[in-house]
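A.B. asks: Residue numbers for the sequence shown follow UniProt numbering, beginning at 1 and rising by one. Yeah, the Cβ is synthetic: ideal placement off N, Cα and C, and Gly gets one too. Next up is a structure, given as structure tokens.
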Amino acid sequence: MILELNGIYAGLRFSAAHIVFGHDSCGVIHGHSYYVDVKLSGEPSGEFGFVCDFKILKQIVKELCSELDHKLLVPRDHENMEYSMEGDSIYLEYVEKSGNVKKYMFPVEDINLLPLKSTTAEDLSIYFTNYIEDKLQKMDLEKSIEWIETTVNEGIGQGARYTLHLK
Ligand SMILES: [Zn+2]
């Protein structure tokens, strides 16, 4: 049995800015309206025969969407990007292939520094999937789940999908 949440219709969305460091056009700060679709495969179980309670799953995804909403998403683990804190600001330096250094400074509250190598739709889909798995596991709800699949859409019509197999 597959449980499905459609991000557009279920309100699983956030707007955020990011930088794909090194990319010709996407290496400039820009934003997307993101939609997050989730699929869970598993056996119906418990009193109600649920794979997972929709309400719980939506709440988990909405939590992460609201953490990312209206922030600049910065990949903490990018190999050519360094960051440091300067009071209430965060200072970023990205070294381009040419050796040129791009420098940025932002208020800390405008940033979400993520434990990722990049903030592409690909890496965000892995981040969402692992986040969902972690929350379900902490609530002891992952036992009947076979796999979790998350699609992070950068607007309508393009997205990256990641599947995590639990069994
Ligand atoms: Zn982008």
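1) Just how far apart, CA to CA, sit Cys52 and Ile148?
2) Nearer than 8 Å: is that true of the beta carbon of Val74 relative to any heavy atom of ligand 1?
3) Quick one: grab the DSSP three-state call for Phe128.
4) Would a C-beta distance cut-off of 9 Å place Val20 and Thr119 closer than the cut-off?
5) Measuring alpha carbon to alpha carbon, tell me which residue in Asn153, Thr163, Met85 and Tyr162 is nearest Tyr34.
6) Cutting at 6 Å between CB atoms, please list the residues of its own chain near Lys103, excluding the five before and the five after it.
7) Does the stretch 10-17 come into contact with the stretch 72-80, if we say contact requires no fewer than three beta-carbon pairs (one atom in each stretch) closer than 8 Å?
8) For a test of the three-state rule: what should DSSP assign to Phe54, helix, strand or coil?
9) Between the Cα of His78 and the Cα atoms of Lys39, Glu96 and Ser125, which residue gives the shortest distance?
10) Report the rounded CA-to-CA distance for Lys143 versus Asp69, giving the unit in angstroms.
11) Closest by CA to Val101, which one among Cys26, Met81 and His30?
12) Taking only the alpha-carbon atoms, compute the straight-line gap between Phe48 and Pro115 and give it to the nearest angstrom.
C.D. replies: In short:
1) 11 Å
2) no
3) helix
4) yes
5) Asn153
6) Glu93
7) yes
8) helix
9) Glu96
10) 30 Å
11) Met81
12) 37 Å
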